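Chains as they are written, first to last, in the numbering used here: chain S, 15 to 637; chain Y, 15 to 637.
Working notes, beginning with the structure itself.
There are 2 protein chains.
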Amino acid sequence: MFPKEYDVIVVGAGHAGSEAAAAAANLGSKTLLVTMNLQTIAQMSCNPAMGGIAKGQIVREIDAIGGYSGIVSDKTAIQFKMLNKSKGPAMWSPRVQSDRMRFAETWRLKLEQTPNLDFYQEMISGIIVENGRIIGVRTSLGLEIKGKSVVLTNGTFLNGLIHIGDKQFGGGRAGEKASTGITKDLIDLGFEAGRMKTGTPPRVDGRSLDFSKMVEQPGDEIPEKFSYSDETKPLKQQRSCHMSYTSLEVHDILREGFDRSPMFNGSIKSIGPRYCPSIEDKINRFADKDRHQLFVEPEGWDTVEYYINGFSTSLPEDIQFKALRQVAGFENVKFFRPGYAIEYDYFPPTQLRHTLETKLVSGLYFAGQINGTTGYEEAASQGLMAGINAHLKVHEKESFILQRNEAYIGVLIDDLITKGTEEPYRMFTSRAEYRTLLRQDNADFRLTPKSHAIGLAGDVRMRKMELKRNKSEAFVTFFKETSAAPEEINPIFSARESALVEQSDKMFKFFSRPEVTMEDMKNISSVKNYIEVNNLDTEMIEQAEIQVKYSGYIEKEKNNADKLDRLEGLKIPASFDYSKLKSLSYEAREKLTKIKPATISQASRISGVSPNDVSVLLVYMGR
Amino acid sequence: MFPKEYDVIVVGAGHAGSEAAAAAANLGSKTLLVTMNLQTIAQMSCNPAMGGIAKGQIVREIDAIGGYSGIVSDKTAIQFKMLNKSKGPAMWSPRVQSDRMRFAETWRLKLEQTPNLDFYQEMISGIIVENGRIIGVRTSLGLEIKGKSVVLTNGTFLNGLIHIGDKQFGGGRAGEKASTGITKDLIDLGFEAGRMKTGTPPRVDGRSLDFSKMVEQPGDEIPEKFSYSDETKPLKQQRSCHMSYTSLEVHDILREGFDRSPMFNGSIKSIGPRYCPSIEDKINRFADKDRHQLFVEPEGWDTVEYYINGFSTSLPEDIQFKALRQVAGFENVKFFRPGYAIEYDYFPPTQLRHTLETKLVSGLYFAGQINGTTGYEEAASQGLMAGINAHLKVHEKESFILQRNEAYIGVLIDDLITKGTEEPYRMFTSRAEYRTLLRQDNADFRLTPKSHAIGLAGDVRMRKMELKRNKSEAFVTFFKETSAAPEEINPIFSARESALVEQSDKMFKFFSRPEVTMEDMKNISSVKNYIEVNNLDTEMIEQAEIQVKYSGYIEKEKNNADKLDRLEGLKIPASFDYSKLKSLSYEAREKLTKIKPATISQASRISGVSPNDVSVLLVYMGR
Ligand SMILES: Cc1cc2nc3c(=O)[nH]c(=O)nc-3n(C[C@H](O)[C@H](O)[C@H](O)COP(=O)(O)OP(=O)(O)OC[C@H]3O[C@@H](n4cnc5c(N)ncnc54)[C@H](O)[C@@H]3O)c2cc1C
Ligand SMILES: Cc1cc2nc3c(=O)[nH]c(=O)nc-3n(C[C@H](O)[C@H](O)[C@H](O)COP(=O)(O)OP(=O)(O)OC[C@H]3O[C@@H](n4cnc5c(N)ncnc54)[C@H](O)[C@@H]3O)c2cc1C
């Protein structure tokens with residue numbers, strides 16, 4: 015009933031699975047996407063939004079590589095915001111609210127239009143391994159499907175257990191079944207498994223809210239978008255979110271339910287996402303704070319369903335309800351469904367290579383929440399990388415690995431496989447050593463050429479990126495080579511309360527002053543002229559501005575990154591025997607033996623491996 | 015967390031539940047719709063189409079009363095067909111193919127826009143009854159929700175068990191959980207329960223089909239629509255279906271799986287829908303037929319998923335697949351998912367009153383598949399009637415009951431509660447004694463005034479119906495009163511090879527000849543003129559044509575129906591003691607005691623009650 019053998023079988027059609035399937039198929043692999051329910055492809059389990067700080071950069075990276083998350087988000091967006099616009103460009107982070115139903119529908123239609131991609135609806139209950147190599151999967155009805163490689167993206171479904179107050183029931187997401195069988199197979203193969211938890215807030219009826227008591231949160235005045243491609247357009251119309259606050263009263267009511275909270279009464283033992291804490295966690299950990307923000311987010315263009323961001327909880331429903339009724343604007347709130355927590359199996363990601371292939375089973379890849387991460391963007395980017403690498407391995411090509419100085423995706427995967435994670439891993443800008451390099455505006459420069467080289471990013475995408483690069487670079491050169499006279503620049507300086515000059519000088523120098531913006535520079539007729547003659551679009555102009563104004567920082571980070579690159583070049587053979595190196599600390603020897611870093615640089619990032627241990631390694635390797 | 019008490023609680027948001035909730039809320043009842051998953055409201059479990067023979071009439075009736083099924087179907091239609099257009103107007107049956115995803119989304123948004131209607135996502139696991147009256151429901155998490163009335167519309171979910179070949183697993187629909195708890199509560203209360211089964215065909219990838227080997231089945235050239243209201247417009251663009259055939263080869267392969275068929279090896283004991291048989295049923299029962307038709311129906315505007323109408327099966331997947339590959343156009347077919355059968359609990363509907371209220375528990379209503387019916391239309395219409403009647407009872411108003419000569423809905427409910435059903439009940443035109451009266455073109459005349467009287471059908475709907483009625487009647491009068499001269503009518507007659515006339519006569523007479531159509535009559539200038547001056551639309555013109563050409567039949571059935579009405583008027587007190595009537599046959603006495611018919615007419619339709627028994631009753635009641 016299936017072809018003799020697929021190149022790539024993707025299990026699960028969440029964000030990770032959808033990207034994995036699209037990438038492998040677009041690269042030319044005969045790909046099968048098997049999922050429990052074809053009506054729930056790329057469901058947003060939690061909030062209806064993509065992006066945000068560090069996560070928005072990831073979506074831009076996915077898009078630059080040729081994944082679909084950015085395009086689907088754009089097409090179904092109801093609001094766009096560039097967060098942190100007042101800070102330096104390394105911090106700018108795009109975020110989109112999407113229409114939840116349309117998001118899933120658009121993903122499904124995108125996948126259906128992907129050649130080489132087959133679909134099948136069923137639960138996969140086991141994997142088939144022969145001599146340390148994956149050879150297929152088994153469905154719950156007993157069918158065997160053969161594949162040269164398998165990407166597992168089971169999300170929160172593996173032995174999923176839902177908690178609300180003191181009640182528990184099996185499920186992978188509210189209203190959906192849990193997935194059983196795979197965990198056991200993996201453990202039998204020698205994998206280490208763990209348990210994590212995450213939670214979600216109640217959904218409420220917008221008709222029962224009084225928005226006049228909340229603060230409106232409109233989208234950006236000039237909305238941008240995720241995708242570098244022309245497949246999407248910025249929004250013309252947007253829907254607003256709203257903001258309200260909890261209060262001491264609300265906290266008191268919530269505390270009434272603590273003895274029935276699965277978090278506090280011991281029935282949930284696994285660890286939840288520290289940075290998406292539940293509301294009970296927040297009032298517990300920050301007992302001195304007398305209020306917490308709540309964002310009230312519409313679930314789509316037309317629906318009356320709202321998502322209460324910031325109120326994730328697994329307290330008993332009656333407590334959730336009583337407490338929320340005390341929040342301004344929620345006096346008459348009606349629930350669509352209560353918040354809940356879910357516990358699920360994950361596999362410590364130190365069991366993976368940089369390609370996301372497991373070390374134990376050749377051809378078997380893990381991506382997404384199954385690796386102990388949290389968040390759609392983290393999942394999607396892993397799926398993309400696993401799908402690409404599964405394809406490349408099957409076709410005996412070199413693997414596709416992004417370095418820490420090349421992409422947040424590189425940081426994410428390197429962190430996971432090197433350090434593992436004890437709690438749901440979420441991306442932050444602070445995790446990246448070179449975040450000035452890893453900006454949302456230049457993900458195309460960083461990644462499109464690499465992806466084009468392996469045949470994923472198409473020619474159109476590549477040419478568009480080159481045009482942007484060439485034109486913005488030329489514009490920077492123009493600023494470097496063209497002078498402005500005092501009578502041209504001084505009006506700008508005086509408006510900006512900046513010291514006036516008496517002599518002409520290169521515009522680059524004037525423009526570099528922090529208080530001067532591109533908008534100011536456009537007042538100089540030669541600048542205005544240049545833009546018109548060269549037909550520069552907003553992205554090119556913005557890019558030039560960043561290159562001029564942050565060139566110092568960028569240069570410095572580039573140098574640091576180059577040093578890293580050199581260490582990165584020092585590969586450690588997979589068979590390296592650390593037990594011979596007596597001068598290594600005991601802990602380092604143990605960790606290195608377990609994790610088997612691929613390079614000196616990766617070794618240096620393992621917690622427990624000291625600079626001293628790194629020197630020992632360098633000496634031994636003849637450096 | 016819920017209001018003190020709802021007027022109406024509807025359990026389940028399938029076709030029955032969605033109509034029930036909309037009707038009760040629109041009538042002004044404080045209504046709650048609780049369902050297992052708010053993302054699957056009004057899912058089409060089986061084929062993506064509404065209407066068809068006898069079923070299309072029901073959709074028109076639902077629309078005339080003010081339900082939403084017609085509107086939602088129209089808004090999401092991808093193809094429209096008026097079936098049986100070559101037969102008399104009693105047989106004309108509208109049918110719409112819908113976009114499956116949009117259908118569910120549109121229903122959800124329609125419900126969200128309904129005032130008085132709240133939503134809640136959870137499984138209901140029990141009902142709460144006090145002194146023979148319903149007082150609420152219990153959720154699986156233990157919440158109690160109070161209600162003055164409850165409508166159960168659990169569809170195929172009650173203890174649902176899915177079968178494919180020799181595998182079984184619990185579920186209410188592929189990929190969804192079964193519902194547990196309610197059956198036990200009802201049995202404890204004294205209800206009789208039974209088990210039925212139904213099945214569905216595989217879904218396949220349209221990209222793997224060769225449509226050039228099939229026969230195209232386009233929609234109507236001039237598509238119409240279900241709704242009488244102006245909320246929807248006829249389609250401008252349509253998608254085609256296709257047709258192919260099974261063969262002896264296909265049948266042989268299917269037979270290979272018979273020993274693993276749950277239908278034939280005894281693992282399914284319950285009875286399936288005789289008129290939607292599985293393919294294995296068909297080749298078993300009609301062993302002499304060497305082929306069966308298959309309709310290949312797209313699931314939406316953009317999706318590549320197709321539904322294989324006519325190939326419903328619960329044979330093992332490998333057999334389904336091998337057999338389908340032998341069908342012309344399916345040589346390379348790829349499956350999205352296999353067909354399957356499902357067994358579920360139902361409650362013999364003789365336990366209900368004409369209002370769909372249970373006889374055992376006051377305020378408790380059953381609607382849809384739970385009553386042993388099959389089909390979206392049958393479910394939706396019951397939901398509508400149960401929702402209306404729950405509202406009316408709570409507000410102490412007279413119940414809303416349709417007679418057999420007023421609506422297919424009347425036939426449906428009367429059949430169910432009077433005769434019960436041993437196998438999934440589906441509507442046919444042959445079930446209606448007065449089908450010449452119950453046409454799809456006049457459902458508005460028949461039902462909108464009744465619905466307007468109880469406040470459901472709005473004024474706009476009512477006025478539109480009146481205009482159509484008045485204008486079409488006036489047009490008929492015009493034909494009755496206006497003469498045509500031989501030189502006007504003879505050209506028409508000669509074109510139609512009909513005998514010529516020598517004298518003027520009333521147009522009504524000429525027009526009554528079977529071979530003459532309205533199109534012909536429009537060639538007469540006074541007719542053309544009348545239409546223009548009076549601004550008649552197509553519906554009014556068509557209505558006049560039917561009234562002229564079928565007046566004889568219609569008149570005759572009206573007379574018969576009037577007789578029925580008189581019997582219908584003879585009410586039997588609920589407390590009537592049949593044991594006193596010794597002249598009744600034993601069987602009649604037993605059935606009458608059990609079913610407690612409300613009228614002599616209903617008594618006469620109970621199987622086992624002979625005309626002689628009816629005479630006994632009539633004599634006893636003084637007639
Ligand atoms: C209750 C809840 C709360 C959350 N809260 C947050 C939060 O606060 N912040 C945050 O950033 N993220 C949160 N998330 C996490 C976010 O939803 C995930 O990170 C993201 O969806 C993971 O994507 P994924 O592709 O790994 O898995 P998922 O999106 O979970 O998708 C898994 C897919 O695999 C399918 N599947 C599973 N097992 C099988 C099988 N055996 N056979 C076939 N198909 C299978 C499922 O049907 C599903 O399609 C939450 C998730 C849940 C459920
Ligand atoms: C596999 C299959 C094959 C079918 N084949 C045919 C066919 O060939 N021909 C045909 O005419 N019809 C067929 N049907 C039947 C058709 O789908 C039904 O007649 C119609 O959908 C019934 O509508 P309903 O509203 O009664 O129930 P459903 O559409 O089944 O809806 C039931 C709803 O109730 C909810 N629910 C159930 N229990 C609970 C609970 N305890 N708490 C909260 N919510 C609950 C469910 O989530 C669902 O939303 C088939 C159905 C299935 C599943």
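Positions of the beta carbon are idealized from the N, C-alpha and C atoms, including for glycine.
Only a predicted model underlies this, so the values are computations on that prediction, with no experimental measurement involved.
### Task
Would you kindly report the start and end of the unbroken alpha helix (DSSP H) that includes Y:Thr-607?
Y:Thr-607 -> alpha helix (DSSP H) spans 600-609.
### Message
Beta carbons nearer than 7 Å to chain S: which residues of the stretch 334-353 of chain Y have them?
### Response
Within the stretch 334-353 of chain Y, the residues whose Cβ lies closer than 7 Å to any Cβ of chain S are, in chain order, Phe-335, Lys-348, Phe-349, Phe-350 and Arg-351.
### Query
Quick check: the stretch 427-442 of chain S against the stretch 450-468 of chain S, are there 3 or more CB pairs under 8 Å?
With the cut-off at 8 Å, the stretch 427-442 of chain S and the stretch 450-468 of chain S do not touch.
### Proximal residues of chain S, C-beta to C-beta of Y:Asp-641 below 9 Å
Only positions 15 to 637 of chain Y appear in the structure, and residue 641 of chain Y is not among them; the question remains open.
### Message
Give me the chain S residues within the contact set of Y:Lys-191, using Cβ-Cβ distance strictly less than 7 Å, ordered along the chain.
### Response
Around Y:Lys-191, the beta-carbon contacts reaching into chain S at under 7 Å are Lys-191.
### Query
Quick one: which chain Y residues come within Cβ less than 7 Å of S:Leu-173?
A small correction: the amino acid at residue 173 of chain S is Asn; Leu does not occupy that position in the sequence shown. Chain order gives no chain Y residues near S:Asn-173, where near means a beta carbon separation below 7 Å; the closest approach is about 16 Å.
#### Entry: Beta carbon proximity, Y:Gln-135 to chain S, threshold 8 Å
Yes - at least one Cβ of chain S is within 8 Å of the one on Y:Gln-135.
### Message
Excluding the 5 residues flanking Y:Gly-195 on each side, which residues of the same chain have their C-beta closer than 6 Å to its C-beta?
### Response
Hits under 6 Å: Ser-139 and Gly-140.
### Query
Would you report the Cα separation of S:Ser-59 and S:Arg-187, rounded to the nearest angstrom?
When rounded, the distance between both Cα atoms is 7 Å.
### Query
For S:Thr-170, which residues from the same chain have a beta carbon less than 8 Å from its beta carbon, with the 5 sequence-adjacent residues on both sides left out?
Within the same chain, S:Thr-170 has close Cβ partners Ser-59, Gly-186, Arg-187, Thr-212, Ile-356, Tyr-358 and Gln-383.
### Query
Nearest-angstrom Cα distance between S:Lys-582 and S:Lys-283?
This sequence places Glu at residue 582 of chain S; Lys is not what is there. Roughly 38 Å separates the two Cα atoms.
### Task
Pick out the complete alpha helix (DSSP H) segments inside the stretch 446-525 of chain S, 4 residues or longer, and give them in chain order.
Segments of the alpha helix (DSSP H) lying fully in the stretch 446-525 of chain S: 457-468, 473-495 and 500-509.
### Contact under 8 Å by Cβ, S:Leu-338 with S:Glu-294
Not closer than 8 Å, so no.
### Message
Counting only beta-carbon separations shorter than 8 Å, does Y:Lys-211 have a partner in chain S?
### Response
It does not; no Cβ of chain S falls within 8 Å.
### Query
At a Cβ threshold of 8 Å, is Y:Met-277 touching chain S?
Output row for Y:Met-277: interface = no.
### Task
Taking S:Asn-40 as the reference, give the member of S:Tyr-564, S:Gly-472 and S:Gly-636 with the closest Cα.
The shortest C-alpha separation from S:Asn-40 is found at S:Gly-472.
### Query
Taking Cβ positions, are S:Lys-608 and S:Ala-588 nearer each other than 8 Å?
With a cutoff of 8 Å on beta-carbon distance, S:Lys-608 and S:Ala-588 are scored as not near each other.
### Residue ranges of each beta strand (DSSP E) within the stretch 154-179 of chain Y, 3 or longer
Listed in chain order, they are 158-166 and 175-178.
### Query
Assuming Y:Glu-126 and S:Val-318 make a contact with CB atoms under 8 Å, what is their CB distance in whole Å?
With a Cβ gap of about 5 Å, Y:Glu-126 and S:Val-318 count as contacting.
### Distance between Y:Ala-56 and Y:Ala-118 (C-alpha atoms, nearest Å)
Answer to the nearest angstrom: the Cα atoms are 5 Å apart.
### Message
In the DSSP assignment, the beta strand (DSSP E) including S:Phe-380 goes from what residue to what residue?
### Response
Start and end: 378-380.
### Query
Is Y:Pro-287 near ligand 2, judged by its Cβ being under 7 Å from some heavy atom?
Taking 7 Å as the cut-off, one finds at least one heavy atom of ligand 2 near enough to the beta carbon of Y:Pro-287.
### Task
Using only the heavy atoms of ligand 1, determine whether one of them is closer than 7 Å to the beta carbon of S:Phe-133.
Distances taken from the Cβ of S:Phe-133 to the heavy atoms of ligand 1 include none shorter than 7 Å.
### Message
Whether or not the stretch 90-100 of chain Y and the stretch 478-491 of chain Y are in contact is what I'm after, with contact meaning three or more pairs of Cβ atoms, one per stretch, closer than 8 Å; do they touch?
### Response
No, the stretch 478-491 of chain Y does not touch the stretch 90-100 of chain Y.
### Message
My output table needs one value for S:Gln-307: the three-state DSSP class, helix, strand or coil.
### Response
Secondary structure of S:Gln-307 (DSSP, three-state): strand.
### Query
Among the residues of its own chain, which have a CB less than 6 Å from the CB of Y:Val-592, if the five just before and after it don't count?
One point to set straight first is that residue 592 of chain Y is Tyr, not Val, in the sequence displayed. Excluding five sequence positions before and after Y:Tyr-592, the CB atoms of its chain that fall closer than 6 Å to its own CB belong to Arg-603, Leu-606 and Thr-607, given in chain order.
### Message
I'd like to confirm something about S:Phe-272: is its beta-carbon nearer than 7 Å to some heavy atom of ligand 2, or not?
### Response
Not one heavy atom of ligand 2 lies closer than 7 Å to the C-beta of S:Phe-272.
#### Entry: Endpoints, the beta strand (DSSP E) within which Y:Lys-336 is located
No beta strand (DSSP E) contains Y:Lys-336, which is instead part of the alpha helix (DSSP H) from 331-338.
### Query
Relative to chain S, which residues along the stretch 214-232 of chain Y have a C-beta separation below 7 Å, given in chain order?
If the cut-off is 7 Å between Cβ atoms, the stretch 214-232 of chain Y has Asp-219 near chain S.
### Host beta strand (DSSP E) of S:Glu-357 (start-end)
In the DSSP assignment, S:Glu-357 falls within the beta strand (DSSP E) that extends over 354-360.
#### Entry: Beta-carbon proximity check, S:Ser-254 vs S:Gly-343, cutoff 8 Å
No Cβ-Cβ contact shorter than 8 Å links S:Ser-254 with S:Gly-343.
### Query
In whole angstroms, what separates the C-alpha of Y:Leu-308 from that of Y:Thr-260?
Distance between Y:Leu-308 and Y:Thr-260, taken at the CA atoms: about 7 Å.
### Y:Tyr-439 - partner residues in DSSP beta bridges
The partner list for Y:Tyr-439 (beta bridge, DSSP) reads Y:Thr-387.
### Message
If you measure between the beta carbons of S:Glu-529 and S:Val-73, is that distance less than 8 Å?
### Response
No, the pair does not count as a contact, with Cβ atoms beyond the cut-off.
### Query
Any heavy atom of ligand 2 within a distance shorter than 7 Å of the CB on Y:Ile-384?
Taking 7 Å as the cut-off, the C-beta of Y:Ile-384 counts as close to a heavy atom of ligand 2.
### Message
Could you compute how far the alpha carbon of S:Ala-207 sits from the alpha carbon of S:Thr-388?
### Response
Roughly 17 Å separates the two Cα atoms.
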